[in-house]
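Read through the structure below, which is laid out as structure tokens, and then see the notes.
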Amino acid sequence: MPNFSKYALSDRYANCLSKISKYKNVNAFITVFDNAENLDSASSDGKIIAVKDNLCVKNSYTTCASKILSNYKSPNNATVVEKLLTQGNLIIGKTNMDEFGMGSGNVYSNYKPTLHPIHAEDSVPCSDPYVPGGSSGGSAVAVAMNLCDVALGSDTGGSVRMPAAYCGITGFKPSFGRVSRFGLIEYAESLDCVGWLTKNVNSCIDLYRNLQGPDQKDPTTLNMINYDDYTILQKIRNIKDGGKRNTISLGYISDESFFVGMNPEFREAYFKVIDQLRDEGFNLVEIRKDFVEDSLACYYTLATSEASKSLSKYDGSHGNINDTIREQGFGFEVKRRLKIGSILSSSRLLTEYYQRSHQIRHRIRQDFNNIFTKCDFLFIPTVGDFPPRQSKFIYDHENIEEEELEEIVHSWWALKESSNDHSFMKAWLNDTFTIPPSLAGLPVLAMPLLHIKHPELANHSFSGQIIGAIGNDKGVLEMGSIMEGLFSILENQRQ
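1 is the number of the first residue of the sequence shown in my numbering; add one for each residue after it.
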């Protein structure tokens, strides 16, 4: 990274503030900081960092894009924020998000939706704009539009990777327990991870070096020491030194049922990447898609059940969640998920679905363990289509009766459509490719690889996920660095 002078850092910061003001129509930020007094303590090569508004910054508002927390100021920094500040970086502001991380479009915010970067120059507001993905959409837009250098987000079932894919940037979700979550306001405790969004893989690697490691304030980080796969890391070093690429094996899926509902252009791009990796000498291994089975139903059962417990605290009790959401200012998407979580936690459905979900999650972990006996990494798409428009996420805001919500839960597990057409359920299907590795706690890098033409979304890219075994975060990132360099060269050769 260039050795910026203090003046250059100040100048870059002012430039970012100017852009945030100019492009306020995209609504990437909830809060913007005036850091003039902190410039002297910043490093000359410090980065300008945006922070998702569910990560605490000391003495600053942390709202989770919710009315309930609109006046909450944290007395502490999140561990990841503290590390970044200690290293001489500057926090420029808190980014917009789906309320409490519940959403995949950055539509469900108390501070209004964030728009896709394509709308930055709109002279007249678009009546049905494209979404940037969620729930870390504000962070993704901030990075994509150069409103900051890098941004922190959180990833529960794809909340960093999906917006990275929609906005054409890089997103990383570390292994569960690799990076401290202290200071992250939780959505689903067993799934939440702090992640980040950057313009390139090397910036992802820099952040990983600075943020990973044990933290006494987060016990989940204390069991991750020495989990790196040094055999794979040595293979990657050898390739970077000019060694043969066939020592690295990449798993892929060819089963057509895996691509049901996927845009044909994205399916074509996926296999084009596979073919090019094979042509470049990598060992490609066909993998079964067992890990996908029941993953969506399992994820939403666990996530909504955990959320109904974690968010009940905001009424000062642990009583009936339905009383809580009537009395407090939750948005309609959060209300819906909390009600579903409450239904799933009831004694009547506890054994049928909640306990079953834990069994399926264990099976999915075993499926991935088996996969990584056959290959070093698994490569699958991040998303299956272009970014949708906002109207795909806007549905009937009226309360749905409990009986109807229970029918929806049954329909998840029966693998059939509910008798009622609920658009919000279709929106949840956007997470199909990102959820399975989240359930297994695996490290995943989402990165743009090939351009796909779209009449309105200029230079849109197919995004792929590199997935590694638990703890193999370095390997995933280093493999991403190799692929980024390779596909940049291949794309340039076509031009």
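We put the beta carbon where it would ideally sit given N, CA and C, even for glycine.
Quick caveat, the model's predicted, so the values are computed rather than measured.
Suppose the cutoff is 7 Å on Cβ atoms and the five residues either side in sequence are ignored; what does the same chain contact list for residue i look like?
i: Lys112; result: Asn27
i: Ile48; result: Arg12, Tyr13, Cys16, Leu90, Ile92, Cys148 and Asp149
i: Ala78; result: Leu55, Cys56, Phe182, Gly183 and Leu184
i: Ser461; result: Gly168, Pro448, Leu449, Leu450, His451 and Ile452
i: Arg245; result: Ile239, Glu280, Gly281 and Phe282
i: Asp215; result: Thr79, Ser180, Phe182 and Thr221
With burial defined as no fewer than 16 other Cβ atoms inside 10 Å of the residue's Cβ, what is the status of residue i: buried or exposed?
i: Gly500; result: Outside the displayed range of the chain (1 to 495) lies residue 500, so it cannot be described from this structure.
i: Arg209; result: exposed
i: Glu23; result: Note on residue identity: the sequence assigns Tyr, not Glu, to residue 23. It counts as buried.
i: Ala14; result: exposed
i: Leu197; result: buried
i: Lys313; result: exposed
i: Tyr230; result: exposed
i: Arg237; result: exposed
i: Phe282; result: buried
i: Phe271; result: exposed
i: Leu9; result: buried
i: His422; result: Confidence in His422 is poor, its pLDDT being 49 and thus under 50, which makes the residue's placement unreliable; the coordinate value appears in the next sentence. So His422 ends up on the buried side.
i: Thr351; result: exposed
i: Glu456; result: exposed
i: Pro436; result: buried
i: Gln234; result: exposed
i: Gln366; result: exposed
i: Ile360; result: buried
i: Val124; result: exposed
i: Asp294; result: buried
i: Ser159; result: buried
In the DSSP output, what is residue i paired with across the bridge?
i: Ile380; result: Gln465
i: Asp155; result: Cys193
i: Phe172; result: Trp196 and Leu445
i: Ile49; result: Ile91 and Val150
i: Arg161; result: Arg161 pairs with nothing; no bridge assigned.
i: Phe29; result: Thr95
i: Lys73; result: Tyr61
i: Ser66; result: Paired residue(s): none; Ser66 is not in a bridge.
i: Tyr130; result: Arg389
i: Gly251; result: Val285 and Leu378
i: His451; result: Ser461
i: Leu115; result: Paired residues: none, contrary to the question.
i: Ala179; result: Contrary to the premise, residue 179 reads as Val rather than Ala in this sequence. DSSP output for Val179 lists Gln212 as bridge partner(s).
i: Leu184; result: Leu55
Please say whether residue j and residue i have beta carbons closer to each other than 8 Å?
i: Val292; j: Gly251; result: no
i: Gly137; j: Asn106; result: yes
i: Leu338; j: Leu378; result: no
i: Val141; j: Pro174; result: no
i: Gly88; j: Ser43; result: yes
i: Ala446; j: Phe372; result: no
i: Pro132; j: Arg389; result: no
i: Gly101; j: Ser139; result: no
i: Thr384; j: Gly261; result: This sequence places Gly at residue 384; Thr is not what is there. Yes, the pair counts as a contact, with Cβ atoms nearer than the cut-off.
i: Thr221; j: Ser190; result: no
i: Asn96; j: Ala50; result: no
i: Pro381; j: Phe433; result: yes
i: Ser249; j: Ser305; result: no
i: Asp255; j: Lys289; result: yes
i: Ala440; j: Ile364; result: yes
i: Ala269; j: Leu450; result: yes
i: Cys167; j: Ala144; result: yes
i: Ile513; j: Leu442; result: Since the first residue of the chain shown is 1 and the last is 495, residue 513 is not available in this structure.
i: Gly134; j: Ser438; result: no
i: Ser41; j: Ser60; result: no
i: Arg278; j: Met224; result: no
i: Glu484; j: Asn200; result: yes
i: Trp413; j: Ala303; result: no
i: Val444; j: Arg161; result: yes
i: Tyr108; j: Asp122; result: no
i: Ile30; j: Lys94; result: yes
i: Gly195; j: Gly171; result: yes
Starting from the C-beta of residue i, find all residues in its chain whose C-beta is less than 6 Å away, skip the five residues before and the five after it, and write them out in chain order.
i: Pro329; result: What sits at residue 329 in the sequence shown is Gly, not Pro. Same-chain partners within the cutoff: Lys67 and Ile68.
i: Ile232; result: Asp376 and Gly475
i: Asn35; result: Leu90
i: Ala165; result: Thr382, Val383, Ala446 and Ser463
Report all residues from its chain with a CB closer than 8 Å to the CB of residue i; omit the five preceding and five following residues, and keep chain order.
i: Ile205; result: Leu477, Glu478 and Ser481
i: Asp228; result: Gly471, Asn472, Asp473, Lys474 and Gly475
i: Asn38; result: Leu90
Mind checking whether the beta-carbon of residue i lies closer than 7 Å to any heavy atom of the ligand PLP?
i: Pro437; result: Only the bare structure without any ligand can be found here, which leaves the ligand PLP out of the picture.
Could you check whether the Cβ of residue i sits closer than 8 Å to any Cβ belonging to chain C?
i: Pro174; result: Given the protein chain composition of this structure (a single chain), no chain C is represented.
- Message: Going residue by residue through the segment 275-308, where are the continuous beta strand (DSSP E) segments of at least 3 residues, counting only ones entirely within it?
- Response: 283-286
- Curious, which full-length beta strand (DSSP E) runs of at least 3 residues does the segment 195-237 contain? none
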